[in-house]
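Have a look at the structure below before the remarks.
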Amino acid sequence: MIIENYTLASSTSHATPYYVIRGELPGPVFMVVSGIHGNETASIRAAQNIVNRLRQGEQYIHRGTLIIVPLMNQKAYRKRIRGVPDLNRTFPRTRNAAAKHPVSVALLQLVRRYRPTWYLDLHEANGLSQRNPKRLGQTIIIKPGSRGTTTARRIINGINGSITNSAHHFNIRFRERPGSSRAAVSRILGAKAFTVETCWSLDRELRIRYQIDIVNRFLRSAGLTW
Ligand SMILES: [Zn+2]
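Read in our numbering, the sequence shown has 35 at position 23, and its numbers run on one by one without any break.
Have a look at this one:
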């Protein structure tokens with residue numbers, strides 16, 4: 013396994029690190045993005061923890077290539093705000109349109125270069141989906157008709173089996189959000205793209221654990237780890 017670190021949007025004031033981790037065997041490209049919203053700190057910490065574990069040899073990528081951008085919106089994170097503008101509305105809405113922010117431009121360049129089959133965007137949301145179907149806390153979101161539906165359902169069943177408090181159980185949600193990174197990546201590349209949302213009102217350590225657990229389940233499912 014080889015770990016390389018680079019800087020996204022390196023020539024701008026939005027510069028942020030990203031990591032390319034290559035397994036020894038050929039396999040799919042899997043991209044994980046976090047911190048598009050600067051106040052969703054458990055998802056950011058989860059992505060950073062995964063990078064740290066890989067660097068310390070506590071976790072291993074056997075096959076394929078994993079690309080992680082742990083903190084997309086550095087400026088918003090410093091202020092612990094969602095971000096102005098909302099980065100998740102700056103991605104192109106059609107195949108040939110351009111992104112509207114230096115970081116989203118740079119991320120799309122990365123996406124076009126590596127062409128991931130899998131794309132995970134880590135977020136946090138209000139409320140528990142198990143209690144209120146309109147809430148997005150504790151969900152995996154995909155576009156209606158996505159090829160990733162079976163995988164998302166399997167991962168939700170798996171993680172729910174490990175969560176004793178059923179109020180914390182995850183649910184699948186079908187949404188298409190124009191301008192989001194997930195919508196752009198699925199439209200441009202046809203990638204299997206997912207948004208992971210933990211619930212903000214839960215204990216932070218627990219949210220971090222849920223986020224890491226879900227990413228690891230996806231990595232196993234995609235064959236990068238075993
Ligand atoms: Zn978010």
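Where is the CB? At the ideal position from N, CA and C, for every residue including glycine. Note that this is a predicted model, so its numbers are computed, not measured.
- Here Arg216 has Ala54 as same chain residues with Cβ atoms under 6 Å from its own Cβ, once five neighbours each way along the sequence are excluded.
- Judged by DSSP secondary structure, Pro29 falls within the beta strand (DSSP E) whose first and last residues are Thr28 to Arg34.
- Between Lys155 and Ala195, the C-beta gap is smaller than 9 Å, which places the two residues in contact.
- With respect to Met43, Val96 sits apart: the two C-beta atoms are not nearer than 9 Å.
- If only complete runs of 4 or more residues are kept, the stretch 131-202 shows the alpha helix (DSSP H) at 161-173 and 193-201, in order along the chain.
- Under the 10 Å beta carbon count, Ile14 is surrounded by fewer than 16 other beta carbons and is classified as exposed.
- By the neighbour-count criterion, in which 16 or more other beta carbons inside 10 Å mark a residue as buried, Trp130 falls on the buried side.
- Contact between the stretch 53-73 and the stretch 221-228 is present, with at least three C-beta pairs closer than 8 Å.
- In this chain, the beta strand (DSSP E) harbouring Pro38 covers Leu37 to Ser46.
- In the three-state reduction of the DSSP assignment, Val81 falls in the strand class, which pools E and B.
- For Pro190 against Arg105, the beta-carbon gap comes to about 5 Å, under 8 Å, which counts as contact.
- A heavy atom of ligand 1 is found nearer than 8 Å to the CB of His49.
- Distances from the alpha-carbon of Gly47 to those of Asn228, Glu70, Ser233 and Val208 put Val208 closest.
- Non-local beta-carbon contacts of Ala111 in its own chain, meaning distances under 7 Å to residues more than five positions away in sequence, involve Thr102, Phe103, Pro104, Val117 and Leu120 in chain order.
- Assigned with DSSP and collapsed to three states, Ile14 falls in strand.
- Proximity of the beta carbon of Arg101 to ligand 1 is not indicated: no heavy atom of the ligand is located closer than 8 Å.
- Sequence-distant partners of Ile73 (beyond 5 residues in either direction) whose C-beta falls short of 8 Å from its own C-beta, in its chain, are Met13, Ile33, Arg34, Gly35, Leu66, Leu231, Leu236 and Thr237.
- Where Lys204 is concerned, the enclosing beta strand (DSSP E) starts and stops at Lys204 to Cys211.
- Judged by DSSP secondary structure, Phe230 falls within the alpha helix (DSSP H) whose first and last residues are Arg216 to Ser233.
- In this structure, Phe182 places its C-beta atom within 9 Å of the C-beta atom of Ile171.
- The shortest CA-to-CA distance from Gly149 to any of Val197, Leu134 and Gly76 is the one to Leu134.
- Between the beta-carbon of Arg143 and that of Ala179 there is about 6 Å, and that keeps the pair under the 8 Å contact cut.
- Of the residues Val41, Val227 and Leu83, the one whose Cα lies closest to the Cα of His49 is Leu83.
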